[in-house]
Amino acid sequence: MKAEQGFTLIEVLLVITVMGILFSVSYQPQFKDGFKIEQEIESLAADLRWARNKAILDNQTYIFRIYTIKESADKNKIPYYLYVKEDGRKIIKKKGYYSAGLILYKTLSLKVVEGDYYEWIRFNNTATARGGTVALAEAKIGAQKYSITVNQLGRVRIEK
């Protein structure tokens, strides 16, 4: 009597598992950089929303300042601050960072920020804001720009 030819279920599952492991180890996502920028934009938008809420709760005006230069030469991050003015002094309430390899843009026409910082967006204690737009993009030709727009009512919106 001749033995039946074929594969058992365990053999098939074992081959599929090994192929899956090899594929997942060898696969490198192509959109890694875009994902990183999206994460930084989401974090920045969350900080702006936090400032809008804190301005109402603390009954103070929160001012957003984002820099174009690094704090020190050895860092790969550029800071931004959310601060209030008390007795003529600036008190930083929250600090964040974005990657130094990104270019900062301002206004709806997306002009490159040429100064050391950009400080236009403010959140008032009356739930209004001095709106504005900031955008980030990689420092390469034709790079996708990711922008955050704050309107006069304080709504924070992300656009691509």
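Counting along the sequence shown from 1, when you hit position 95 you're at 1164 in our numbering, and nothing is skipped either side. Glycine is no exception: its CB is placed at the ideal position from the N, C-alpha and C atoms.
For residue i, which of the options has the nearest alpha-carbon?
i	options	result
residue 1207	1174, 1191 and 1223	1174
residue 1201	1210, 1180 and 1194	1180
residue 1203	1183, 1120, 1124 and 1177	1177
Taking the alpha helix (DSSP H) that residue i falls in, what are its first and last residues?
i	result
residue 1089	1078 to 1095
Mapping DSSP to helix, strand and coil, what is residue i?
i	result
residue 1141	coil
residue 1168	strand
residue 1199	strand
If we define contact as Cβ-Cβ less than 9 Å, is residue i a contact residue for chain B?
i	result
residue 1115	Of the chains in the structure shown, none is chain B; there is only one protein chain.
Tell me which residues share the same chain as residue i and place their Cβ nearer than 8 Å to its Cβ, disregarding the 5 neighbours each side in the sequence.
i	result
residue 1120	1131, 1133, 1151, 1162, 1163 and 1192
Taking the continuous beta strand (DSSP E) assigned at residue i, which residues delimit it?
i	result
residue 1216	1215 to 1219
Identify, in the order they occur along the chain, each residue of the same chain with its Cβ nearer than 6 Å to the Cβ of residue i, setting aside the five sequence neighbours on each side.
i	result
residue 1145	1169
Under a Cβ-count criterion, where at least 16 other Cβ atoms within 10 Å of its own Cβ denotes burial, should residue i be classed as buried or exposed?
i	result
residue 1160	exposed
residue 1167	buried
residue 1216	buried
residue 1156	exposed
residue 1096	exposed
residue 1142	exposed
residue 1072	exposed
Below 7 Å CB to CB, which residues in the same chain sit around residue i once its five sequence neighbours on both sides are set aside?
i	result
residue 1241	No answer is possible for residue 1241: the residues shown for the chain start at 1070 and end at 1229.
residue 1219	1117, 1190, 1198, 1200, 1201 and 1225
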